[in-house]
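> Sharing a structure, written as structure tokens. Questions coming.
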Amino acid sequence: MPWLRTEPAGVADELQKIHIQLRMLERQLEDQADRAPYPFITERLRALGQTEERNAVSVAQRLAALGRHPDEVGGDVVLEGRNSWERLVRLQDGYRELIRQLKLLAVRWDEEHPEDAQLAASVRDSAAASRAVVGDLVARSDPHALD
37 MPWLRTEPAG
47 VADELQKIHI
57 QLRMLERQLE
67 DQADRAPYPF
77 ITERLRALGQ
87 TEERNAVSVA
97 QRLAALGRHP
107 DEVGGDVVLE
117 GRNSWERLVR
127 LQDGYRELIR
137 QLKLLAVRWD
147 EEHPEDAQLA
157 ASVRDSAAAS
167 RAVVGDLVAR
177 SDPHALD
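When the sequence shown is numbered by this note's numbering, its final residue is 183 and no position is left out of the sequence of numbers.
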């Protein structure tokens, strides 16, 4: 049905939003790593930040192929919370929202834009693995310890 088709400009708009979310997650991970109470948490968060940077670069390359320049996130995005546990929970929520959006896009673009659907699915799988790591860190953190 032609009225259900997603135009290439719409695909680029959605990829732009995903790119911004990935950059925000990357910055949040960097901030969390700097504020982490233990070295093993710092290492894991920095590794996740590198993963999100690679994902953002992949999305930016696809945007360039579609004739768009990726927008950069303005300012620092800092997760607030009384302790590491609260900030990790908020980070996990950010991953949950990103994964939800990527699932919808991968399904919507499957037939019309298979290359973009594959990119969305790949980033979704990576984000799901990262969310699992953050979930592990949440489980290991003390929700009652104040910074």
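Ideal Cβ positions, reconstructed from N, Cα and C, are used throughout, including at glycine.
Here the structure is a predicted model, which is why all the values come from computation and not from measurement.
From H149, P179, R132, pick the residue whose C-alpha is nearest to that of L51; which is it?
Minimum Cα distance to L51 is reached at H149.
> Tell me whether P73 is buried or exposed, calling it buried when 16 or more other Cβ atoms sit within 10 Å of its Cβ.
With fewer than 16 Cβ atoms within 10 Å of its Cβ, P73 is classed as exposed.
> Assuming L138 and Q64 make a contact with CB atoms under 8 Å, what is their CB distance in whole Å?
Actually they do not touch by this definition, with Cβ atoms about 17 Å apart.
> Enumerate in chain order the residues of its own chain whose CB-to-CB distance from P38 is below 8 Å, with the five nearest sequence positions on each side excluded.
Note that P38 has pLDDT 48, beneath the 50 cutoff, so the model's placement of it is unreliable and no number is given.
> With distance defined between alpha-carbon atoms, name the residue in A157, H180, A175, E79 nearest to I54.
The shortest Cα separation from I54 among A157, H180, A175, E79 belongs to A157.
> Along the chain, where does the alpha helix (DSSP H) that runs through E108 open and close?
That residue, E108, is in no alpha helix (DSSP H); it is neither H nor E in DSSP.
> Which ranges does the beta strand (DSSP E) cover as unbroken runs of at least 3 residues, wholly within the stretch 70-102, from first to last along the chain?
Those beta strand (DSSP E) runs which fall completely within the stretch 70-102 and span 3+ residues do not exist here.
> In three-state DSSP terms, what is R176?
Reduced to three states, the DSSP call for R176 is helix.
> Buried or exposed: P106, going by 16 or more other Cβ atoms within 10 Å of its Cβ?
With 16 or more Cβ atoms within 10 Å of its Cβ, P106 is classed as buried.
> Comparing the C-beta of D161 with each C-beta of chain C, is any distance below 7 Å?
Looking at the structure shown, chain C is missing, and only one protein chain is on hand.
> Can you tell me the Cα-Cα spacing of S120 and I135, whole angstroms?
Going by the C-alpha atoms only, they are around 22 Å apart.
> Please state whether DSSP places R132 in a helix, a strand or coil.
Helix at R132.
> Spatial neighbours of G117 within its chain, please: CB distance less than 6 Å, with the 5 preceding and 5 following residues excluded, ordered by chain position.
Once the five neighbours on either side are set aside, the close Cβ partners of G117 are R123.
> Return the CA-CA distance between A101 and D152, expressed in angstroms with no decimal places.
If you take the alpha carbons of A101 and D152, they lie about 11 Å apart.
> Assuming L173 contacts R80 under a Cβ cut-off of 8 Å, what Cβ separation, rounded to an integer in Å, is found between them?
With 8 Å as the limit, L173 and R80 qualify as a contact, their Cβ atoms being about 6 Å apart.
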